[in-house]
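Novice:
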Ligand code: AP5
Ligand code: MG
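In the numbering used here, the protein residues as written are 2 to 231.
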């Protein structure tokens, strides 16, 4: 499948809502045409290289990394991948997290003449999310996500592609997870208002990615696959 118009989107959703899960499916569907950038994956990459950094302790506690650091990290990755170009399609996961980050993203995109054209919110009940988190395992080097019940690895405890061991995210314990969820709830409403005012916000609700993913695919196909009528 291919895009008739470049997709420039962000995805909002509580921790554990399935942002990473549905985006990896969407990237496979659109193969080389869609780049996803995840703020959490970028941070985990940095933490791997420098485990005793300030960033590592902020993430481990479930608080937010300072805006200036996060903005630089995202924009540097965009520059590296040349995602500010007109013809590139991309989806941002985990950024922006607050209205100040959203304003900075907008002004950078405006500068490049490339404004955001879709904001997706995944709306999943909190009881469902809390159940999921204890079953989540990741392959840290690639960011691949597994769930013991939803998408278990073929060999228990091992990554399907490399055979390397799977680990728990250090911030997926009960206390830190509760803190991340609380912070998300507090910050998402102003962010949703910011995008709803510009008619960009689309909310997809459901208890499972098997319900959410087909709706996401339909939305993206409808908005970006059909050549625009002149
Ligand atoms: P980040 O990595 O962005 O974490 P998050 O927002 O807390 O979100 P998650 O990755 O936990 O959730 P997800 O929705 O991707 O769910 P996933 O698909 O993996 O951020 C981590 C930290 O970095 C933050 O706390 C903060 O400190 C810092 N940070 C990041 N961005 C920042 C920013 N912009 N500014 C400042 N600081 C920032 O998981 C879903 C799980 O459920 C999987 O295990 C999946 O397999 C499983 N599952 C089980 N059953 C199902 C089912 N039926 N459907 C879907 N999934 C299922
Ligand atoms: Mg994620």
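Quick reminder that beta carbons are idealized off the backbone N, C-alpha and C, glycines included.
What you are looking at is a predicted structure, and each value in this text was computed from that prediction instead of being measured.
Kindly examine the ligand AP5 and report whether one of its heavy atoms sits closer than 8 Å to the Cβ of residue 79.
Specialist: no
Novice: Give the DSSP bridge partners of residue 94, in chain order.
Specialist: According to DSSP, residue 94 bridges with 12, 39.
Novice: Suppose you measure from the CA of residue 229 to the CA of residue 145; what does that come to, to the nearest Å?
Specialist: For residue 229, the predicted model reports a pLDDT of 47, less than 50, meaning its position is unreliable; a value from the coordinates is still stated below. Cα-Cα distance, rounded: 35 Å.
Novice: Around the Cβ of residue 223, are there at least 16 other Cβ atoms within 10 angstroms (buried) or fewer (exposed)?
Specialist: Exposed: under 16 other Cβ atoms inside 10 Å.
Novice: Closer than 8 Å to a non-hydrogen atom of the ligand AP5 - does that hold for the CB of residue 85?
Specialist: No, since every heavy atom of the ligand AP5 falls outside the 8 Å radius drawn around the Cβ of residue 85.
Novice: Is the Cβ-Cβ distance between residue 192 and residue 117 less than 9 Å?
Specialist: Taking 9 Å as the Cβ cut-off, residue 192 and residue 117 do not qualify as a contacting pair.
Novice: Does the distance from the C-beta atom of residue 142 to that of residue 122 stay below 9 Å?
Specialist: no
Novice: Counting only runs of 4+ residues fully inside the segment 102-159, write out the alpha helix (DSSP H) ranges in chain order.
Specialist: 127-134
Novice: I'd like the list of long-range same chain contacts for residue 57, defined as Cβ closer than 6 Å, with 5 residues on each side in sequence excluded.
Specialist: 48
Novice: Nearer than 8 Å: is that true of the beta carbon of residue 92 relative to any heavy atom of the ligand AP5?
Specialist: no
Novice: Apart from the five residues on each side of it in sequence, which residues of its chain come closer than 7 Å, Cβ to Cβ, to residue 181?
Specialist: 16, 63, 172
Novice: Could you give the residue range of the beta strand (DSSP E) that holds residue 204?
Specialist: 202-206
Novice: According to DSSP, is residue 6 part of a helix, a strand, or is it coil?
Specialist: coil
Novice: What residue from 205, 32, 196 has the CA that sits closest to residue 97's CA?
Specialist: Comparing Cα positions, the closest option is 196.
Novice: Is the distance from the Cβ of residue 12 to the Cβ of residue 94 below 9 Å?
Specialist: yes
Novice: Mapping DSSP to helix, strand and coil, what is residue 217?
Specialist: helix
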